[in-house]
């Protein structure tokens, strides 16, 4: 019984209290009432593609709409080949075609929420990796209509996390509020990165852990992530995100 009480107190302190604090703060914010009222225009983060001759790769993440935004974000991938006059944006969505290409401006607000860059590459390294990113996008196993479930996945973040795991050269993991990122495709329970620098274990996205140079040390519970970053010192707080360098 003592162990059970200690576990409950630990759960409340690490997972539930930050989530409730985030929900309270989010409730007080002025937010659009529906997707029709939301801003989906460019946030002006990326230069005009004609002004950037180099190849580029970007992964963006932004808080999602409604009260879900207190706990969860939406991620997407943007690529531009060398000399191209346009960006290509890839999202996993729950309506229409699940993998949507160029449905929104590359750096658009998401439900009026400004996106943040998870990772950005430019130049020769980006040019070398674009084909690998495109192959990972094409290999995503839930790309068909109906291949979307908001929680615990597969969802938009499951898609982007799949690409990041298959292209470890991007050197990134999605932020702690990217609910669904830890849902492993193909029904697997353990995934080791191709370069061996990260290991992910998950029971259908409900409970699990990650450890490695990119992930640091994380404990996952019901889509909420707590952990520490090693390479870039910081802490990962459920619902609130990452705090550190």
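In this note's numbering, the protein residues as written are 8 to 252.
A virtual CB, placed ideally from N, CA and C, is assigned to each residue, including glycine.
The Cβ atoms of residue 66 and residue 91 do not sit closer than 8 Å to each other. At a cut-off of 4 residues, not a single continuous stretch assigned as alpha helix (DSSP H) sits fully inside the region 209 to 247. Looking only at 109, 76, 214, 237, the smallest Cα-Cα distance to residue 121 is reached by 76. Across the structure, residue 61 and residue 89 are spaced so that their CA atoms are roughly 5 Å apart.
Under DSSP, residue 251 forms a beta bridge with 241. Counting of Cβ neighbours within 10 angstroms places residue 36 among the exposed residues, the total staying below 16.
Residue environment: residue 118 is assigned as buried (16 or more neighbouring CB atoms within 10 Å of its CB, all protein chains considered). By the CB criterion at 8 Å, residue 247 and residue 229 fall outside the cutoff.
Shown here, residue 84 sits in a strand according to DSSP, grouped into three states. Excluding five sequence positions before and after residue 93, the CB atoms of its chain that fall closer than 6 Å to its own CB belong to 56, given in chain order.
Rounded to the nearest whole angstrom, the C-alpha separation of residue 22 and residue 185 is 15 Å. Looking at the DSSP output, residue 67 sits in a beta bridge with 83, 124. Within its own chain, the residues whose Cβ lies closer than 7 Å to the Cβ of residue 180, once the five positions on either side in sequence are excluded, are 171, 221, 222, listed in chain order.
Of the residues 244, 146, 41, the one whose Cα lies closest to the Cα of residue 225 is 244. At the C-beta level, residue 105 and residue 152 come within 8 Å of one another.
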